[in-house]
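Worksheet: the structure to be examined is printed underneath.
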Amino acid sequence: MSRSAQELFGGGVAVITGAGAGIGAGLARYAARELGMTVVLADIDARAIADLRAELEADGARALDVPCDVRDPQALERLAERSVAEAGPVRLLVNNAGVEQFGYLWDTPVPNWERLLAVNVSGVFHGIKAFLPRMMAEPGQSWVWNLSSVGGVSASPLQAPYIMSKHAVLALTECLYQEVELAGHAHHVHVQAVLPGAVASDIFESAGAVEDGDITAAEDHRAAMLRIKAQAMDPVDAARVFFGQAAEGEFYLRSQPFVADAMTARADVLTHRRAPLLIRGDYAVPAN
Ligand SMILES: NC(=O)c1ccc[n+]([C@@H]2O[C@H](COP(=O)([O-])OP(=O)(O)OC[C@H]3O[C@@H](n4cnc5c(N)ncnc54)[C@H](O)[C@@H]3O)[C@@H](O)[C@H]2O)c1
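In this text, residue positions in the sequence shown follow my numbering: the first is 33, and each later residue adds one.
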């Protein structure tokens with residue numbers, strides 16, 4: 033029989049990057065309030081994590097806010113040091129910080145491309161480099177979650193850098209899973225990929241834009257994505273689902289059933305070697 037999230041994670045330390053908003057904040061609220069975890073809130077937005085820390089402490093939860101830019105490997109190293117020194121051995125690391133970019137690939141400003149890769153891909157790597165050796169050295173059980181996306185198993189236009197980064201994080205996480213096993217730590221270090229579908233957050237508002245070229249296409253796409261936010265899942269509900277699936281020992285943690293459908297569709301595209309299908313029209317969150 034599988035163990036519950038409470039049994040596995042309860043009372044442990046969770047370090048969450050990008051904890052200042054959206055999914056990261058939802059994970060922090062759920063972990064602190066429902067599982068009694070000490071949460072280390074890391075984000076480039078110092079104000080957001082200070083406010084969340086105050087909110088959680090007012091409820092009697094334990095939280096630490098550590099301003100941190102995941103693009104900087106030294107910042108992740110300092111985060112790991114502080115987490116262990118001030119909160120204790122890390123039970124759960126969530127490499128969650130991520131940014132979006134809208135517009136045609138050829139219109140994407142080079143600094144936006146570089147920033148997105150630095151946050152979404154290198155940020156995950158920096159988290160692994162700082163925390164994995166510490167987790168492997170600890171005899172206790174620990175978990176690493178990397179944020180991919182339903183976009184990590186699909187293709188869609190007008191956000192190519194983002195989609196690419198989520199495919200990259202998924203591949204990185206699959207390889208990391210194998211490497212932890214190869215290095216003999218699979219019995220206590222658990223690697224899992226998180227694939228949210230549509231969870232309410234600030235990601236579309238704060239997404240990068242284009243300055244030249246087809247600005248209308250980019251901003252129309254932002255507007256379409258913002259419309260689906262109204263149908264998106266609450267981040268605390270998403271956190272409950274992710275913790276439940278993690279405790280069940282799933283590798284691919286999915287917020288909504290349509291994420292699994294997208295995985296099946298991806299497998300079908302590859303099996304039949306079909307070219308990517310362009311789907312036009314408005315976006316909507318599938319009913320399931
Ligand atoms: N919301 C969704 O439906 C959805 C779907 C699929 C995947 N995701 C993934 O979930 C993760 C969280 O996204 P979200 O939707 O909650 O977004 P969000 O914009 O609400 O939150 C992202 C947080 O990351 C922080 N951040 C940005 N750059 C940073 C940096 N350099 N260093 C540290 N922190 C930084 C932001 O300040 C913000 O607090 C992302 O990796 C995203 O790709 C989200």
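Each residue gets a CB set at the ideal place from its N, CA and C atoms; glycine is no exception. Note that the coordinates shown come from a computational prediction; the quantities given were computed from them, not determined experimentally.
Look at Gly240 here: in three-state DSSP terms it is strand. In terms of Cβ geometry, Ala230 and Met265 form a close pair [threshold 8 Å]. Counting only residues of its own chain and dropping the five nearest sequence neighbours on each side, Pro171 has a CB closer than 8 Å to the CB of His220.
When C-alpha distances from Tyr194 are compared across Leu149, His222, Gln224, the shortest belongs to Leu149. Between Ala80 and Ala53, the alpha-carbon positions lie close to 7 Å from each other. Contact between Ala63 and Ala46 is confirmed by a C-beta separation of about 5 Å, below the 8 Å threshold.
For Asn127, the enclosing beta strand (DSSP E) stretches over residues 122-127. Rounded to the nearest angstrom, the gap between the Cα atoms of His158 and Leu108 is 6 Å. Inclusion of Thr49 in the 7 Å shell around ligand 1 follows from its C-beta lying nearer than that to a non-hydrogen atom of the ligand. Judged by beta-carbon spacing, Arg110 lies beyond the 8 Å limit of Ser154, meaning their Cβ atoms are not closer than that value. Each of Asp91, Gly50, Leu227, Leu125 was checked against the Cα of Gly44, and the nearest Cα belongs to Leu125. Distances from the CA of Ala95 to each of Leu59, Gly130, Pro105, Asp101 were compared; the closest alpha carbon is that of Leu59. Per DSSP, Ser154 lies in no alpha helix (DSSP H) segment and is marked neither H nor E.
In this structure Glu113 is exposed. Its beta-carbon is surrounded by fewer than 16 other beta-carbon atoms within 10 angstroms. Ala37 and Gly120 have their alpha carbons spaced roughly 19 Å apart. Around the beta carbon of His253, a 10 Å sphere encloses 16 or more other beta carbons of the protein chains shown; the residue is thus reported as buried. A distance below 7 Å between beta-carbons, with the five flanking residues on each side excluded, links Val242 to the following residues of its chain, in chain order: Gly135, Asp139, Thr140, Pro141, Ala250. The beta carbon of Ala316 sits closer than 8 Å to the beta carbons of Ile260, Gln263 from its chain, once the five residues preceding and following it are set aside; these are given in chain order. In the structure shown, Pro171 adopts coil according to DSSP, grouped into three states. The three-state secondary structure of Pro99, taken from DSSP, is strand.
Annotation: the continuous alpha helix (DSSP H) that includes Thr303 extends over 289-303. In the DSSP annotation of this structure, Thr140 is not part of any alpha helix (DSSP H), being labelled neither H nor E. Met69 carries a coil assignment under DSSP once its states are collapsed to helix, strand and coil. Contact annotation, Val212 with Ala203: C-beta distance approximately 15 Å; criterion of less than 8 Å not satisfied. Its Cα nearest to that of Asp269, the residue Glu66 stands out among Glu66, Gly240, Phe41, Leu40. The Cβ atoms of Thr205 and Ser233 do not sit closer than 8 Å to each other. Between ligand 1 and Arg103, a heavy atom-to-CB distance of less than 7 Å is present. Around the beta carbon of Cys207, fewer than 16 other beta carbons sit within 10 angstroms, so the residue counts as exposed.
When secondary structure is reduced to three states using DSSP, Arg286 falls in the strand class.
Relative to ligand 1, the beta carbon of Leu67 is positioned no closer than 7 Å to any heavy atom.
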